[in-house]
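Residues in the sequence shown are numbered from 211 upward in steps of one, following the working numbering. All residues carry an ideal CB built from backbone N, CA and C; glycine is no exception. Down below is the structure, laid out as structure tokens.
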Amino acid sequence: MKKLKMFALILFAITATNINAQTEEERDLIADAEKAKASLVAANEKITDFFDSSYGYVIFPNVGKGGLIIGGASGNGILYQGGKSVGTVNLKKLNVGLQAGGQSVIEAIFFENETSFNEFKSDNYEFDAGVSAVVLKSGKALKAKYEDGVAVFALPKAGLMADVTVGGQRFEYEAFETDSEK
Numbered sequence: 211m212k213k214l215k216m217f218a219l220i221l222f223a224i225t226a227t228n229i230n231a232q233t234e235e236e237r238d239l240i241a242d243a244e245k246a247k248a249s250l251v252a253a254n255e256k257i258t259d260f261f262d263s264s265y266g267y268v269i270f271p272n273v274g275k276g277g278l279i280i281g282g283a284s285g286n287g288i289l290y291q292g293g294k295s296v297g298t299v300n301l302k303k304l305n306v307g308l309q310a311g312g313q314s315v316i317e318a319i320f321f322e323n324e325t326s327f328n329e330f331k332s333d334n335y336e337f338d339a340g341v342s343a344v345v346l347k348s349g350k351a352l353k354a355k356y357e358d359g360v361a362v363f364a365l366p367k368a369g370l371m372a373d374v375t376v377g378g379q380r381f382e383y384e385a386f387e388t389d390s391e392k
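The following block contains the structure:
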């Protein structure tokens with residue numbers, strides 16, 4: 211019964227948020243983001259407090275990270291405001307330093323207020339070098355809090371890499387086109 215409710219919730223969320231998406235690629239990304247959201251909640255249901263109370267959030271369903279001395283990360287996500295999808299976000303990171311391996315993670319970034327949300331939407335937003343993500347683990351207390359209006363969570367999907375920092379990540383936001391802009 212619990213799985214049926216979760217499936218119904220995901221199906222409703224996908225249908226409800228697809229209204230703003232303009233292309234098939236964007237609709238597919240929204241569907242992936244909604245599945246990723248369900249995975250985040252399944253990993254630690256306390257994250258629903260962030261989904262419910264944040265001004266907005268972005269979900270990257272698949273951030274690929276890899277490196278051997280020189281490394282990088284990339285992914286595409288959906289930005290939400292008031293629970294509704296408002297646009298796409300591209301994530302990129304390039305770094306040099308002690309690192310080895312590869313990893314795929316779900317990344318969620320929450321914005322505490324309108325100011326932090328609007329700063330993120332500005333051109334070429336970038337995390338400071340010291341920013342780290344809270345790694346979600348099942349059954350563990352979620353003691354994360356906002357820093358400078360932002361909270362970041364990661365849920366490993368596959369791979370092994372000794373790095374959960376998100377510092378240096380750059381983001382490019384693109385709003386969905388409205389019917390009047392077509």
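{"Query": "Same chain only: Cβ atoms within 8 Å of Asp242, ignoring 5 sequence neighbours per side", "Result": "Pro271, Asn272"}
{"Query": "Beta-carbon proximity list for Asn323, same chain, < 8 Å, skipping 5 on both sides", "Result": "Tyr265, Gly359"}
{"Query": "Sufficient close CB pairs (3 or more, under 8 Å) joining the segment 247-263 to the segment 272-283", "Result": "no"}
{"Query": "Within 8 Å, strictly: CB atoms of Leu301 and Gln232", "Result": "no"}
{"Query": "Outcome for Lys347 when other beta-carbon atoms lying within 10 angstroms are tallied against a minimum of 16", "Result": "exposed"}
{"Query": "C-alpha distance - Ile269 paired with Asn286, whole-angstrom precision", "Result": "9 Å"}
{"Query": "C-alpha distance - Ala253 paired with Tyr356, whole-angstrom precision", "Result": "20 Å"}
{"Query": "Collapsed DSSP secondary structure at Ala385 in the structure displayed", "Result": "strand"}
{"Query": "Ordered list of beta strand (DSSP E) runs contained in the segment 295-337, each at least 3 residues", "Result": "none"}
{"Query": "Between the CA atoms of Ala385 and Glu329 - distance to the nearest angstrom", "Result": "14 Å"}
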